[in-house]
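Let me begin by presenting the structure, written as structure tokens, before commenting on it.
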Amino acid sequence: MAPSSRTHPSSLSWDSLSLLVLLLLAHSASPSASPSPSPASTHEQFSSALSPSPQSPSPSPSVSPVPSTVPLRPPSLSSHYSDYSEWTAVLQDLVLDKVQKSGGINYKPFNYTTLSKNQHFTNFAYQVQTANLTGMTPTQWTTFWINTYNYYVVGLVYKYHCASDLFGYCQPLTSVEQIGEQQPSLLVSIWSRPELMIPNFSKKGITLDQIRKHFLTRVPGNVNHTLPDPRILSALNCGGIACPDLSREAYTVEKLESQLVDATVHFLNDTPNGAALTHGVLPISLIFRWAVQYFSNQTTTDNNRILHDFLQTYAPADIQHYLA
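Taking the working numbering, I'd label the letters of the sequence shown as residues 29 to 352.
This is the structure:
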């Protein structure tokens with residue numbers, strides 16, 4: 029008798045296994061499986077909030093029948109409107125007031141987990157993208173770019189918070205400097221990513237480096253060509269735990285002077301992030317060393333003198349005494 033071609037009931041052929049895998053995949057992809065939102069879909073939500081279309085139509089009644097559920101577009105920021113309450117609402121919602129510690133560094137963490145659902149963030153994204161900077165006073169200009177820089181950093185850190193490995197799983201980044209090392213970014217660092225769009229101001233995407241090195245150092249109306257205000261550096265959060273903390277309040281035109289003083293004193297007193305006198309050695313944050321355009325465009329001696337005077341004004345008492 030010829031041997032039977034039937035297999036044992038407990039065994040499966042490769043064809044059967046392949047079919048079973050395909051059926052399982054089809055089931056997991058079906059709407060009835062109700063998968064949880066993937067990181068990619070959350071990032072898409074953020075991307076649309078970072079650069080919303082100023083011409084986007086309002087939802088139709090059939091989609092959103094209750095008018096109260098349709099968010100109202102806030103006024104665009106301009107020389108006539110400098111209200112940053114939307115950004116303040118984001119900061120108060122998501123900047124955690126409890127100080128945490130990592131590697132001997134104290135910092136206030138930012139709650140990114142609910143960012144994509146924060147309507148105030150979406151509103152402020154719209155205000156930034158539709159802003160009209162024409163005719164802004166120096167104070168309005170500086171206030172706008174400080175708040176926009178911090179908003180932009182938050183957005184980029186959220187958008188690129190992980191790199192996908194060969195299996196598509198999220199590998200969390202441990203430093204903002206790693207943003208740009210993962211594909212498909214093509215090795216463009218976080219500081220050079222031109223993803224901020226403000227069509228009324230620039231036809232090209234804007235980078236963090238442009239804001240810090242150019243827009244905040246070349247303030248319109250600076251007829252006396254005075255040096256940029258180095259206190260601004262203490263107001264810019266760069267997304268890392270050693271950076272200046274995000275304030276829980278937006279910078280405003282009315283309070284900018286006092287806010288810059290508070291931010292500078294806080295950062296320089298934030299040992300070891302800002303400055304720390306240890307055994308006769310005075311290391312200071314590299315943020316001040318990197319931003320030479322905030323202290324002088326002339327000789328090294330001038331740079332050191334301006335930085336010296338800056339520290340004597342805002343640093344802790346022991347450092348002021350050491351520098352006297």
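All C-beta atoms, glycine included, are put in the ideal place defined by N, C-alpha and C.
Treat the numbers as computed from the prediction; the structure is a model and nothing was measured.
Proximity of the region 259 to 269 to the region 307 to 321 meets the contact definition, three or more beta-carbon pairs being nearer than 8 Å.
Around the CB of leucine 124, fewer than 16 other CB atoms lie within 10 Å, so the residue is classed as exposed. When only Cα atoms are considered, valine 320 and asparagine 151 end up about 35 Å apart. When the alpha-carbon of histidine 307 is set against those of Ile174, His148, Ile347 and Arg276, the nearest one is in Ile347.
Put simply, the region 289 to 308 does not touch the region 145 to 162. Fewer than three CB pairs are less than 8 Å apart. A straight line joining the alpha-carbon of asparagine 301 with that of proline 344 spans about 13 Å. Listed in chain order, the non-local C-beta contacts of valine 281 below 6 Å within the same chain comprise Ser110, Thr167, Gln168 and Thr171, local neighbours out to five positions each way being set aside. Between proline 272 and phenylalanine 295, the beta carbon gap of about 5 Å places them in contact (Cβ cut-off 8 Å). Looking at the backbone, the Cα of histidine 242 and that of phenylalanine 338 are separated by about 21 Å.
Taking C-beta separations shorter than 7 Å and ignoring five residues to either side along the sequence, the partners of cysteine 190 in its chain run Pro67, Cys198, Gln199, Pro200 and Leu201, following chain order. As a beta-bridge residue in DSSP terms, threonine 306 pairs with Val309. According to the DSSP assignment, proline 272 belongs to no beta strand (DSSP E), since it is labelled neither H nor E. As DSSP reads the structure, serine 106 sits in a beta bridge with Tyr109. The beta carbons of isoleucine 226 and isoleucine 218 sit no closer together than 8 Å.
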